[in-house]
Amino acid sequence: MDRIRIVGGAPLNGVIPISGAKNAALPLMIASLLTRETLTLENVPHLADVALLKRILGNHGVDCMVQGKRAGQNGTTGETIELSARDIVDTTAPYELVSKMRASFWVVGPLIARMGEARVSLPGGCAIGTRPVDLFIMALRDLGADIDIDGGYVVARAPKGLRGAHIRFPKVTVGATHVAMMAASLARGETVIENAAREPEVIDLASCLLAMGAKIAGAGTSTIQIEGVDALSGVRHKVMADRIEAGTYACAVAMTGGEVFLEGATPSILQKPLEVLGEVGAEVTATNEGIRVKRNGSGLSPIEVSTAPFPGFPTDLQAQLMALVCRADGTSRIRETIFENRFMHVQELARLGADIQLDGQMATVSGVAKLKGAEVMATDLRASVSLVIAGLAAEGETVVNRVYHLDRGFERIEQKLGACGATIERISA
Ligand code: UD1
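Spelled out as structure tokens, the structure:
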């Protein structure tokens, strides 16, 4: 297994190009199942999760072709992929594949909507909490699907097709909002989704579905209306920039000091994290081309933050923010409200010298004057990257094990940070 070795202490200075968003690319790729025509996605990041989803979609009969580079493109831009689900050959998503990536469960929506049947494995255990699928099942039942759980599989049937419905989520869920929106696009009649997730990735999926011929209004608000259509067509769509990747590098610069331009980052969808970084002591400037983050010398201030659905502070940046305030002058409080067990980074940050007390959903972080490099590992994507950030600011050498978690969600992380002056290298197994 690969490892990442970091020698901390250098400030970050330079430009970091922001990649296409993993959390948008995955549902967009899954949307290819809704049409016989070709869906072309640009700016798809090179990530292990994307590669795995290609395999999963291939299993259902989706042809996936990576387009050649165009003149002027270099190795740093995302890829353009063509996904053609002309004939769906298999409506089963097996345990071996779904258990490797939870988002692949989302194929249940397009499959039942287009084929009238789907047999999709329950995702199984997950490192960041129990993450049930009851709200997906609720939404699909509302849309008229018969659903049984059989041998670890969700078996959904709607031989006469889905019908529009009123769906009210008791809790905001990004995944079930994606699935309900995709399924309702091919249902008969009108669907209203209440208490829908307002995440920018939901808007990105909706705009792609609109271009494919779906009739959707209100994406980005908590009420989404969908008028079902008979069929959707192929289209070309560019995946939005990754706000979590941008927020992660912003935390890194705030921690190490220096000045970095996050090229292609979208400030309007990062308002809350940028506000928090400002409170901590970073200087943040939004431009049309990206976001500039700077911190020179001054100390870091402690903060109080709770994670929340968009537009609140994202749970996907909680671990990175925690790494940052480990070095603050004072005590910070970070409450995790989305996933009950998303604190795996705490014990590992402690190995670097952090002082963090956990009490249920609340982490109390007492800032320390310095962190010291150590060998660490994490069992989740965002937790892993928080250790990289901490390592960049720690004295001496940090080795992050189980790098495959990072490869699931961060494209070329060691090159991007290395180009800004970090001493960071991958040690191949
Ligand atoms: C997505 C993101 C993930 C992010 C999360 C919250 C992707 C691939 N993943 O995950 O990075 O951390 O949104 O912004 O885009 N819940 C239920 N029942 C359900 C579904 C969800 O109780 O049927 C609960 C979950 O346990 C959690 C909360 O709802 O407590 C939010 O989960 P959800 O928004 O669905 O997260 P994901 O879509 O899995």
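Numbering (this note's numbering), first residue to last: 62 to 490. Where is the CB? At the ideal position from N, CA and C, for every residue including glycine. Just so it is clear, the structure is predicted and the values come from calculations on it, not from any experiment.
Test item: CB-CB of residue i and residue j under 8 Å
i: residue 141; j: residue 196; result: no
i: residue 172; j: residue 164; result: no
i: residue 285; j: residue 316; result: no
i: residue 345; j: residue 73; result: no
i: residue 277; j: residue 270; result: yes
i: residue 323; j: residue 485; result: no
i: residue 290; j: residue 275; result: yes
i: residue 261; j: residue 371; result: yes
i: residue 287; j: residue 245; result: yes
i: residue 71; j: residue 483; result: yes
i: residue 409; j: residue 376; result: no
i: residue 380; j: residue 338; result: no
i: residue 373; j: residue 431; result: no
i: residue 219; j: residue 205; result: yes
i: residue 473; j: residue 65; result: no
i: residue 453; j: residue 67; result: yes
i: residue 295; j: residue 98; result: yes
i: residue 461; j: residue 449; result: yes
i: residue 451; j: residue 384; result: yes
i: residue 342; j: residue 359; result: yes
i: residue 407; j: residue 417; result: yes
i: residue 297; j: residue 103; result: yes
i: residue 470; j: residue 161; result: no
i: residue 213; j: residue 182; result: yes
Residue i (DSSP reduced to helix, strand or coil)
i: residue 302; result: strand
i: residue 323; result: strand
i: residue 126; result: strand
i: residue 166; result: helix
i: residue 260; result: coil
i: residue 474; result: helix
i: residue 485; result: strand
i: residue 309; result: helix
i: residue 160; result: coil
i: residue 149; result: coil
i: residue 388; result: coil
i: residue 179; result: strand
i: residue 267; result: helix
i: residue 296; result: strand
i: residue 283; result: coil
i: residue 154; result: strand
i: residue 141; result: strand
i: residue 275; result: coil
Whole-Å CB distance - residue i paired with residue j, under 8 Å assumed
i: residue 301; j: residue 85; result: 5 Å
i: residue 110; j: residue 87; result: 6 Å
i: residue 413; j: residue 455; result: 5 Å
i: residue 388; j: residue 429; result: 7 Å
i: residue 90; j: residue 108; result: Residue 90 to residue 108, Cβ: 11 Å. No contact.
i: residue 62; j: residue 464; result: 7 Å
i: residue 149; j: residue 176; result: 6 Å
Along the chain, which unbroken stretches of the beta strand (DSSP E) at least 3 residues long are found entirely within the region 396–464?
416–420, 423–427, 436–438 and 458–462
Return the chain-ordered ranges of every beta strand (DSSP E) run that is complete within the region 66–118 and spans a minimum of 3 residues.
73–78 and 99–105
Unbroken stretches of the beta strand (DSSP E), 3 residues or longer, contained in the region 342–383
344–347, 351–356 and 365–367
For a minimum of 4 consecutive residues, which ranges assigned as the alpha helix (DSSP H) are wholly contained in the region 224–253?
235–246
Taking the runs of the beta strand (DSSP E) that are 3 residues or longer, which of them lie wholly in the region 188–219?
207–211 and 214–218
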